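What follows is one structure encoded as structure tokens, with my remarks underneath.
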Amino acid sequence: MSLATGVGSMPGTTDAEHAEAVRLVLGELPDLPFVPELPGRGVGADMTGRALAVVEGISADLQPAGWRLTDTSGVDHRRARSLLAQDLDTVEELAQGYAGAFKAQVAGPWTLAATVEKPRGDKVLSDHGARRDLAQALAEGLRTHVADLRRRLPGVDRLVVQVDEPALAAVVAGRVPTASGFGRHRRVDLPEASAHLEWVAAALTEAGAEAWVHSCAPQTPWSLLAGTGATGLSADLAMLGPADLDTFAEALEQGRTAALGVVASTDPGSAVSDARVVERVQRWLDMLGLDAEEVGDALVLTPTCGLAGASGSWARESLQVLRRSADGLSGR
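Mapping of the sequence shown onto this note's numbering: residues 4 to 335, in sequence order.
Okay, structure coming up:
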């Protein structure tokens, strides 16, 4: 039985819209709902701020240039933590009695290292020790986060935490700009890139959650991600090159999850047919020599990326299309 879920972000700028987003995913994605994120609410609701709300033992604050590590948490860091707790309160309230699988999301260690600055400026990415400490703080924080989610959602028997790494491709290729904008940070060697993700995946696994890794960026090193201990790989299907097909095929053959972005994350401007989505996914499976019935719920359909830039009507419709497409693949 193929499943449908969202990547994470949703449109909206208010707490009331967040509550409505929770109701939407619970109603439209009954097999794998997720904790909606509304970055449109501003400071603390963005991907980086939300991940910094999870890290343990590290403080931060928002500066004109962006998030920066500090000796003590600033007001924006405290607000990010408060907002995360508030959002989880909403999920807990509206998901009372829910049983089954559930998904949450967090920015990964390399995306954090590429977007957060050291206390004296420039990215954490520029300092080997700082990026190691941030990755380990994220791993420890996720242990606590998973325990909190388990407490709030006692009926959940399958908890997925999706680790978002949109910056990873730029990190390993040496394309992340320095603070001045005139240079680029040195590329990170693949063994180190893998090790930091392995810490995060191991922490999630030990805490009782499935670790998926997601990126909708081109040239993401999927073979590296497949070796980090992640049990799921999540990508925009259009961004997968020929070399990535074997990686995703092997993941499915091993019983791991392949989450495919197959529905636009912004308003497409014309009607989207779930029959066309089903046909596209079936062609992809045929190319890999796999069958939808055989892979079952290891195959998950998602939007191509987060829905934060979509209209409210398309956000709803896209999830409906995904659910119908998953049903079509499963013969329901």
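Note that CB positions come from ideal geometry on N, CA and C, so glycine has one too.
On a predicted model such as this, the values are computed, not experimentally measured, just so you know.
Check, Outcome
"Assess, as a yes-or-no matter, whether the segment 260-271 is touched by the segment 282-291 under the definition of 3 or more beta carbon pairs within less than 8 angstroms.", "yes"
"Going by other Cβ atoms of all chains shown within 10 Å of its Cβ, with 16 needed for buried, is alanine 274 buried or exposed?", "exposed"
"Which first and last residues belong to the beta strand (DSSP E) in which aspartate 239 is found?", "235-239"
"Roughly how many angstroms lie between the CA atoms of cysteine 308 and aspartate 239, to the nearest whole one?", "7 angstroms"
"Round the Cβ separation of alanine 2 and leucine 304 to the nearest angstrom and send it over; I've been treating them as touching at under 8 angstroms.", "Lying outside 4 to 335, the shown extent of the chain, residue 2 is not represented and no answer is given."
"Could you tell me which of Ala246, Val149, Val175 sits nearest to alanine 117, measuring between CA atoms?", "Val175"
"If I measure Cβ to Cβ from alanine 318 and keep anything under 7 angstroms in the same chain, skipping five residues before and after, which residues do I get?", "Met13, Pro14, Leu310"
"Pull the bridge partners of serine 333 from the DSSP assignment, please.", "In the DSSP output, where bridge partners are listed per residue, serine 333 has none listed."
"From Leu87, Glu320, Asp74, pick the residue whose C-alpha is nearest to that of threonine 269; which is it?", "Glu320"
"If you pair each beta-carbon of the segment 196-207 with each one of the segment 223-234, do three or more pairs fall below 8 angstroms?", "yes"
"Between which residues of its own chain and alanine 83 is the CB-CB distance below 7 angstroms, once the five residues before and five after are set aside?", "Gly47, Gly52, Arg53, Leu55, Ala56"
"For the alpha helix (DSSP H) that contains leucine 304, what are its first and last residues?", "Note, leucine 304: premise wrong, no alpha helix (DSSP H); beta strand (DSSP E) at 302-306."
"Among Arg187, Ser62, Ala133, Leu87, whose alpha-carbon lies nearest the alpha-carbon of threonine 75?", "Ser62"
"For aspartate 18, I'd like the list of residues in its chain whose CB is within less than 6 angstroms of its CB, leaving aside the five on either flank, ordered along the chain.", "none"
"Below 8 angstroms on the Cβ atoms is my contact criterion, and I expect serine 218 with glutamate 168 to pass it. Report the Cβ-Cβ distance as a whole number of Å.", "5 angstroms"
"What residues match up with alanine 104 in a beta bridge as DSSP calls it?", "Arg161"
"Short of 6 angstroms in beta carbon distance, which residues of its chain neighbour leucine 325, apart from the five on each side in sequence? Order them along the chain.", "Ala7, Val266, Leu304"
"How is the alpha helix (DSSP H) around arginine 339 delimited, first residue to last?", "Given a span of 4 to 335 for the chain in the structure shown, any question on residue 339 remains unanswerable."
"List the whole-angstrom C-beta distance separating tryptophan 202 from alanine 138, where the pair is believed to meet the contact cut-off of C-beta under 8 angstroms.", "6 angstroms"
"From this set, Gly103, Leu87, Leu236, which residue's C-alpha is nearest phenylalanine 251's C-alpha?", "Leu236"
"What are the start and end residues of each continuous beta strand (DSSP E) run of 3 or more residues lying completely inside the segment 211-262, in chain order?", "213-218, 235-239"
"Pull up the distance between the alpha-carbon of aspartate 160 and that of glycine 331, whole angstroms please.", "25 angstroms"
"At what residues does the beta strand (DSSP E) containing leucine 27 begin and finish?", "No beta strand (DSSP E) contains leucine 27, which is instead part of the alpha helix (DSSP H) from 18-31."
"Tell me which residue opens and which closes the alpha helix (DSSP H) that serine 85 is part of.", "78-97"
"Restricting to Cα atoms, I'd like to know which of Leu97, Asp136, Gly144 is closest to arginine 155.", "Leu97"
"Assuming the contact rule is C-beta atoms closer than 8 angstroms, glycine 60 and alanine 140 should be a hit. Round their C-beta distance to whole Å, please.", "5 angstroms"
"Could you check where the alpha helix (DSSP H) with arginine 279 kicks off and where it finishes?", "277-291"
"Have a look at lysine 121 and alanine 182 and give me their C-alpha separation to the nearest angstrom.", "11 angstroms"
"Please report the straight-line C-alpha distance between aspartate 49 and proline 157, rounded to a whole angstrom.", "27 angstroms"
"Output the boundary residues of the beta strand (DSSP E) element that contains arginine 71.", "69-73"
"What span of residues does the alpha helix (DSSP H) with serine 197 cover, start to end?", "193-209"
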